[in-house]
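With this note's numbering as the guide, the letters of the sequence shown map in order to residues 1 to 181. Written out below as structure tokens is the structure these notes cover.
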Amino acid sequence: MAEILFAKFRSYTIDELLNKLDEGYYTALDIICTNARNCAAQLSVYTDHPSWGLYAAMYSSLLDDVERLLLFRKEVVVPYVQELKAKVQDGHNCKNCSGKCHVGHNAQLMSLLDSHREIKEVLSALHKATLPLHNYMDYPDGYRILRNEIAVIDTMLNELFYIEESSLIPKIMEAQKAINA
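Here it is as structure tokens:
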């Protein structure tokens with residue numbers, strides 16, 4: 001099913017793919033994380049039950065992780081992919097480099113794959129931190145909104161993970177191969 005839904009991403013050029021990821025995921029997730037952080041801050045002031053502060057702190061910590069993963073993409077992955085694309089266009093050949101070039105390309109790919117492991121851990125933590133909703137309890141509106149924001153973040157992280165695994169990483173590997181990295 002996901003293969004069909006996200007097939008269009010495989011047909012994009014690397015520039016188009018980066019733009020779609022930035023607009024549709026990196027920037028959108030930043031905004032949603034900001035909204036969720038505001039909800040968590042509101043939830044932390046509820047004194048009805050001591051667990052609200054605990055949930056707010058857990059979600060804030062998870063949001064820090066998500067924002068760190070997004071920052072890594074914006075500050076490391078995107079510039080690297082743009083640099084890689086420029087090398088392909090210039091006809092760069094890493095076989096003519098001193099050897100550090102090859103190591104650098106492998107390190108970039110490994111750091112992206114490691115980031116995917118971190119996404120899996122964050123997704124698992126999001127699921128563990130979710131307080132089950134019971135009909136007999138009265139939940140603060142802030143928690144309900146926060147829970148919805150976290151559900152959207154969860155969905156978007158899963159989609160981002162899939163798109164990067166199925167489209168971005170193969171394009172990076174293809175570009176690396178083109179320059180003999």
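We put the CB at the ideal spot given by N, CA and C, even for glycine. Please read these numbers as outputs of a predicted model, since none were measured by experiment.
Exercise for review: Just confirm the distance between the C-beta atoms of Ala175 and Leu84, as a whole number of angstroms; I'd bet it's less than 8 Å.
Suggested key: 5 Å
Check your understanding: CA-CA distance, Tyr12 and Leu18?
Key -> 9 Å
Check your understanding: Out of Tyr143, Tyr162 and Ile179, which has the shortest C-alpha to C-alpha gap to Ser51?
Key -> Tyr143
Review point. On the three-state DSSP scale, how would you describe Ile145?
Key: helix
Point to revise | Three-state secondary structure assigned by DSSP to Asp230 | key: For the chain, the structure presents residues 1 to 181; residue 230 sits outside this window and is missing.
Check your understanding: Going by the beta-carbon positions, is the gap between Ile169 and Phe9 smaller than 7 Å?
Key -> no
Point to revise | Nearest neighbour of Glu149, chosen from Ile14, Ala56, Arg68 and Ala181 [CA to CA] | key: Ala56
Check your understanding: Of the choices Asp64, Cys94, Ser98 and Gly104, whose alpha-carbon is the least far from that of Val76?
Key -> Gly104
Check your understanding: Within 10 angstroms of its Cβ, does Ile31 collect 16 or more other Cβ (buried), or is it exposed?
Key -> exposed
**Study point:** Buried versus exposed, by CB contacts within 10 Å (16 or more), Ile4
**Key:** exposed
**Study point:** Buried/exposed call for Leu29, threshold 16 Cβ in 10 Å
**Key:** buried
**Study point:** Between the CA atoms of Gly91 and Asp65 - distance to the nearest angstrom
**Key:** 37 Å
Review point. Given Met173, which residues of its chain have a CB within under 6 Å of its CB, disregarding the five upstream and five downstream residues?
Key: none
Point to revise | Residue from Leu157, Asp138 and Ile153 with nearest C-alpha to Tyr46 | key: Asp138
Review point. Taking the Cβ atom as the reference point for each residue, do Ser111 and Leu69 lie within a distance shorter than 7 Å?
Key: no
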